[in-house]
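Protein chains in written order, with this note's numbering: chain A, 1 to 617; chain B, 1001 to 1105.
What follows is one structure encoded as structure tokens, with my remarks underneath.
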Amino acid sequence: MIHNLPWLFLLLPLIVAAIDWLWFSKCPRTAATLSTLSAIATFALCVAYLNGWQTGTPDVYTWLPVAKEGMTSLSMGLVTDALAMRMMLVVTGIGSLVHIFSIGYMKGDTSNLSRYFAGLSIFMFSMSTIVLADNLAMTFIGWEMVGFSSYLLIGHWFNKDSAADAAKKAFITNRVGDFGFLIGILLTLAVFGTITFAEMGGKAAGIAPALLTATVICLFCGAVGKSAQFPLHVWLPDAMEGPTPVSALIHAATMVAAGVYMLVRLQVSMGTEAFTETACITIASVGAITAVLAALMALQQDDIKRVLAYSTLSQLGYMVMAVGLLAGEAAMFHLYTHAWFKALLFLGAGAIIVCCHHEQDIWKMGGLAKRMPLTVLCFLMGTFALIAIPGFSGFFSKEAILHAALETSPVFFWIGAGVAALTTFYMTRLCLVAFCGQARDHGAAEAKEAGPTMLLPLLALAVMAIISGYGFIADFLVPYAGFEAHGFELGLPFYVSMGSLVLGLIAAFIVYGCGKRKTDPLAGNALSTALRKRLYIDSIYDKGLIGGIQEYGAQIIEFADAALIRGMIVQGFAWLTAKIGMLLSWIQNGSLRGYALVAGIGIIIFMFILAFTIPTI
Amino acid sequence: MTPLAHYLIFSGILFSIGLAGVIIRKNIIVVFMCLEMMLSAANISLVAFSRAQGVNGIPVYDAQVLALFIVAIAAAEVAIGLALIVAMFRARKSVESSTLNTLKD
């Protein structure tokens, strides 16, 4: 019985979500407390498991039994290895902090908070399903469920058109990737004969490389959607329309990392030999392209959350690149540190936004360092981790990725270094503009320190952002079996990343000074407009792809509707009936003699039949 | 004794003339008379059959009873039919069947 306790990771949040929604939809306080308690309970359970409290494997339930020989029944089981359980620690840990933060952040919000917390609980359930799933079908269920909960939470303020649109955009963009993922799962079933992770090992050797490549790339499509990689990255920046804690939990720390987690899970269970060279180059290139493009677009964003969103994209690109370079260990290391410091940055941004009366434009902030020093300090800790200042967590994980890149492919190493310089530049820009100088708007001028429910999660995350990269803690917590942090070592990656760090810092200080400027000195030229407009990718999708599909799709549907259904079926039958009616109507000409004639002929025919064809009895 | 076929041919001719009159003529009174003629044609064939089926010179009376019934019904029909024609003439000042097309228009 007790070995089945991991099912609680799934059931607890699910039950709480149902209770929140069904019974407590009118009392948000109770709903919030329940959700928060369930998140903390799963976190405690997770900590207990990691301390070796219980090691049994939970039961596997057969979900869809298949009686035929040679076919696989679909089952529901949980994996409780280090990769899964340590990932759960990140999910439930950040989840708990976000729940607590939400209580402070959503105070005074007039929308239905029970719905909000029920959404968070559903998300915790779905994310746990992805992390703990022991087969791809179950992963896929969780995959769709996180998409759904993300839809709910992005569209929480659905009265705003932009939020409703962003929710739709996120869901639909994800469907594109999910379709590839589904094909990938079916291919896996066909190629490997199983979709259970534990049974995949060692089977890749006897399979044609082309098939392997196709399978892996199709599965990768799912990660492209969920982890917002180029060309499906467009939904993530728009997803910032949701409440900020949601952005922190779903769109920075956990859900968007699910793609990376899934790829690493596959790499671990299929074995790296399943990732053929072509597949690896594709994955790494997509990651690298995303990292570069997103970092460029982040340079000219004015919305504090959007800067962070593009930075998330860029860091996810890093992780995907590492997976493509077969450095799953480094990818998971970065995922883990990134989860802590990016959640910290988002929650910090959330606290700043609330305290500036829901102002998100950094050019209307300024001077916040004096007004809310503790929040700004926490935010700075996150920033230092993100731009990889030595000693902070991000430094170690970024170093790990750069090391792996240098060993495998120098091109990706230099791309990574360039992105690091860009990252430093845009984060320094954000901090200088928002925190230094004088307040540029009354919202920032009246800002006060955030309340305790917001500050406590910030402080906890700030501690993790600083220490989570060191070996004494990373060795136990990084979601990868047998992870060992490589100590700090001097070498080319170190010098290059220091170089890009210093370069970015100096450039940002030269351009933005100490927050004295009122507007962005880089704005105005064609390049910065292009970056501001997200390199026109969104408009191309809107006008070219969606517009085109709608235009031509509408024409096809118009044809089917007007010509086939309306023309041929509906009007066709009417026309046919009318014609037959016209044809027959001359019989009903109202002439008595005509009727008599027809009756006479009828009688004669009747008599003829009676007399000559029916045999006599 | 006149063979049965002669009666039947006569009855057929009479019936055909009646049918042709019903179909061709416009005047309702003539149509009505033609209808009567067709009934008579049927009567003739009935009586002829009755005689032909007879045994030892005694006809089968069933058919003749039927003929009597037809005569009685024809008399009743005439009464109703003529009344209808009179009513129609009063309403329309005409006994032409081609004027009976109110429902069509």
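Cβ atoms here follow ideal geometry from the backbone N, Cα and C, with glycine treated the same way.
Residues in its own chain within less than 6 Å of A/TRP620 by CB, not counting five upstream and five downstream? The structure shown does not extend to residue 620 of chain A, since chain A is modelled only from 1 to 617, so the question has no answer here.
Straight-line CA distance for A/VAL411 to A/SER311? For this step, residue 411 of chain A is matched to residue 411 along the first sequence. For this step, residue 311 of chain A is matched to residue 311 along the first sequence. Cα to Cα, the separation comes out at about 21 Å.
Please work out which residues of its chain come closer than 6 Å, Cβ to Cβ, to A/GLU273, disregarding the five sequence neighbours upstream and downstream, and give them in chain order. For the purposes of this step, residue 273 of chain A is taken as the residue at position 273 of the first sequence. Excluding positions up to five away in sequence, the list reads ALA204.
If we call anything under 9 Å between Cβ atoms a contact, is A/ILE195 one with A/THR72? The residue you call residue 195 of chain A lines up with position 195 of the first sequence. The residue you call residue 72 of chain A lines up with position 72 of the first sequence. Yes; because the gap between Cβ atoms is below 9 Å, this pair is in contact.
Note down, in chain order, every chain B residue with its Cβ under 7 Å from the Cβ of A/GLY600. Sequence index remark: in the first sequence, residue 600 of chain A carries index 600 (1-based). Residues of chain B with a Cβ closer than 7 Å to the Cβ of A/GLY600 are, in chain order, LEU1019, ILE1023.
Does the segment 231 to 239 of chain A come within contact of the segment 260 to 272 of chain A, defined as at least 3 CB pairs closer than 8 Å? Cβ pair count under 8 Å is below three, so no.
Taking B/SER1045 as the query, report the chain A residues whose CB atoms sit under 9 Å from its CB, ordered along the chain. Mapped onto the second sequence, residue 1045 of chain B falls at position 45. Around B/SER1045, no beta-carbon contact reaches into chain A at under 9 Å, the shortest distance being about 13 Å.
Cβ shell of A/MET618 (< 7 Å), same chain only, five flanking positions each side left out: It is not possible to answer for residue 618 of chain A, since the shown part of chain A is limited to 1 through 617.
Evaluate A/PRO452 with the Cβ neighbour count: other Cβ atoms within 10 Å of its Cβ, from every protein chain shown; 16 or more gives buried, anything less gives exposed. Position 452 of the first sequence, counting from 1, holds the residue named residue 452 of chain A. So A/PRO452 ends up on the exposed side.
Can you tell me which of A/VAL502, A/VAL131, A/LEU461 puts its alpha carbon nearest to the alpha carbon of A/THR375? Within the first sequence, numbered from 1, the residue matching residue 375 of chain A stands at position 375. Of the candidates A/VAL502, A/VAL131, A/LEU461, the residue whose Cα lies closest to the Cα of A/THR375 is A/LEU461.
Rank A/LEU545, A/ALA253, A/GLY52 by C-alpha distance to the C-alpha of A/MET87 and give the top, closest one. One-based indexing of the first sequence puts residue 87 of chain A at position 87. When each option's Cα is compared against that of A/MET87, the closest is A/ALA253.
By DSSP, does A/LEU232 sit in helix, in strand, or in coil? Translated into the one-based positions of the first sequence, residue 232 of chain A becomes position 232. Per DSSP, reduced to three states, the secondary structure at A/LEU232 is coil, with no helix or strand assignment.
Give the single residue among A/ALA137, A/ILE362, A/HIS334 whose Cα lies nearest to the Cα of A/GLY222. Here the question's residue 222 of chain A lines up with position 222 in the first sequence. Distance check between A/GLY222 and each of A/ALA137, A/ILE362, A/HIS334 places A/ALA137 closest, using alpha-carbon atoms only.
Among the candidates A/TYR595, A/SER468, A/GLY142, whose CA atom is the shortest distance from the CA of B/ILE1024? Translated into positions along the second sequence, residue 1024 of chain B becomes position 24. It is A/TYR595 whose Cα lies nearest to the Cα of B/ILE1024.
Determine the chain A residues that contact B/SER1098 at a beta-carbon separation under 7 Å, and present them in chain order. Position 98 of the second sequence holds residue 1098 of chain B. Residues of chain A whose Cβ lies closer than 7 Å to the Cβ of B/SER1098 are, in chain order, SER591.
By Cβ distance below 8 Å, which residues in the same chain neighbour A/LEU492 in space, the five residues on each side in sequence not counted? On the first sequence, residue 492 of chain A is found 492 positions in, with the first residue counted as 1. If we look at A/LEU492 and ignore the five residues flanking it on each side, its Cβ neighbours are LEU406.
Collapsed DSSP secondary structure at A/LEU64 in the structure displayed: For the purposes of this step, residue 64 of chain A is identified with residue 64 of the first sequence, where counting begins at 1. Reduced to three states, the DSSP call for A/LEU64 is strand.
Measure the Cβ-Cβ separation of A/LEU316 and A/GLY287 and say whether it is below 9 Å. As a working mapping, residue 316 of chain A is identified with position 316 in the first sequence. As a working mapping, residue 287 of chain A is identified with position 287 in the first sequence. Remark: C-beta atoms of A/LEU316 and A/GLY287 approach each other more closely than 9 Å.
Let me check one thing: in DSSP terms, what residues is A/LEU584 bridge-paired to? Along the first sequence, one-based indexing puts residue 584 of chain A at 584. A/LEU584 is not bridged to any residue.
Check whether chain A comes within 9 Å of B/VAL1071, counting only Cβ atoms and requiring the distance to be less than that. One-based indexing of the second sequence puts residue 1071 of chain B at position 71. Not one chain A Cβ lies under 9 Å of B/VAL1071.
Taking only runs of the beta strand (DSSP E) that begin and end inside the segment 304 to 329 of chain A, which ones reach a length of at least 3 residues, in chain order? If we require 3 residues or more, the segment 304 to 329 of chain A turns out to have no beta strand (DSSP E) run fully inside it.
Nearest to A/ILE154 by alpha carbon, out of A/VAL246, A/PHE197, A/LEU335, A/LEU522? Taking the first residue of the first sequence as position 1, residue 154 of chain A is located at position 154. Its Cα nearest to that of A/ILE154, the residue A/VAL246 stands out among A/VAL246, A/PHE197, A/LEU335, A/LEU522.
For B/GLU1096, the residue or residues it bridges with in DSSP: If you number the second sequence from 1, residue 1096 of chain B lands on position 96. Its beta-bridge partners are B/ASN1027.
Cβ atoms of A/VAL146 and A/PHE123: under 9 Å apart, would you say? Your numbering for residue 123 of chain A matches position 123 in the first sequence. Your numbering for residue 146 of chain A matches position 146 in the first sequence. In this structure, A/VAL146 lies closer than 9 Å to A/PHE123 by Cβ.
Compare the C-alpha of A/GLU449 against each of A/LYS370, A/ALA530, A/VAL176 and name the closest. Here residue 449 of chain A corresponds to residue number 449 of the first sequence, with the count starting at 1. Among A/LYS370, A/ALA530, A/VAL176, the Cα nearest to that of A/GLU449 belongs to A/LYS370.
What span of residues does the beta strand (DSSP E) with A/LEU74 cover, start to end? Translated into the one-based positions of the first sequence, residue 74 of chain A becomes position 74. Looking at the DSSP string, the run of the beta strand (DSSP E) that includes A/LEU74 is 74 to 76.
Take the Cβ of A/ILE185 as the centre, count every other Cβ of all protein chains shown within 10 Å, and call the residue buried at 16 or more, exposed below. Here residue 185 of chain A refers to the residue found at position 185 of the first sequence. A/ILE185 should be labelled buried.
Starting from the C-beta of B/GLY1081, find all residues in its chain whose C-beta is less than 6 Å away, skip the five residues before and the five after it, and write them out in chain order. Reading the second sequence from its first residue, position 81 is the one you call residue 1081 of chain B. Result list for B/GLY1081: PHE1032, in chain order.
In the DSSP assignment, the alpha helix (DSSP H) including A/HIS99 goes from what residue to what residue? Reading the first sequence from its first residue, position 99 is the one you call residue 99 of chain A. Where A/HIS99 is concerned, the enclosing alpha helix (DSSP H) stretches over 82 to 105.
Mapping the DSSP letters down to three states, classify A/ALA444 as helix, strand or coil. If you number the first sequence from 1, residue 444 of chain A lands on position 444. A/ALA444 falls in the helix class under three-state DSSP.
For A/ASP303, which residues in the same chain have their Cβ closer than 8 Å to its Cβ, ignoring the five residues on either side in sequence? The residue given as residue 303 of chain A occupies position 303 in the first sequence. Taking A/ASP303 as the centre and dropping the five residues before and after it, the same chain places the C-beta of MET240, GLN360, ASP361, ILE362 closer than 8 Å to its C-beta, in chain order.
Would you call the segment 224 to 233 of chain A and the segment 160 to 168 of chain A in contact, with 3 or more CB pairs under 8 Å? No contact exists between the segment 224 to 233 of chain A and the segment 160 to 168 of chain A.
The segment 1047 to 1067 of chain B touching the segment 552 to 564 of chain A, judged by at least three CB pairs closer than 8 Å: Counting C-beta pairs closer than 8 Å gives fewer than three between the segment 1047 to 1067 of chain B and the segment 552 to 564 of chain A, which falls short of the contact rule.
Answer yes or no: does any C-beta atom of chain B fall closer than 9 Å to that of A/ILE596? Walking along the first sequence from the start, residue 596 of chain A turns up at place 596. Going by the sequence as given, residue 596 of chain A is Ala instead of Ile. Residue-level contact check: A/ALA596 touches chain B, since one or more beta carbons of chain B fall below 9 Å from its beta carbon.
Which parts of the segment 499 to 537 of chain A are runs of the alpha helix (DSSP H), unbroken and 4 residues or longer, counting only runs that do not cross its ends? 526 to 532, all fully within the segment 499 to 537 of chain A.
Using a threshold of 9 Å, state whether the C-beta atoms of A/ASP134 and A/GLY201 are closer than that. Looking up residue 134 of chain A in the first sequence gives position 134. Looking up residue 201 of chain A in the first sequence gives position 201. Their beta carbons are not under 9 Å apart, which means A/ASP134 does not touch A/GLY201 by this criterion.
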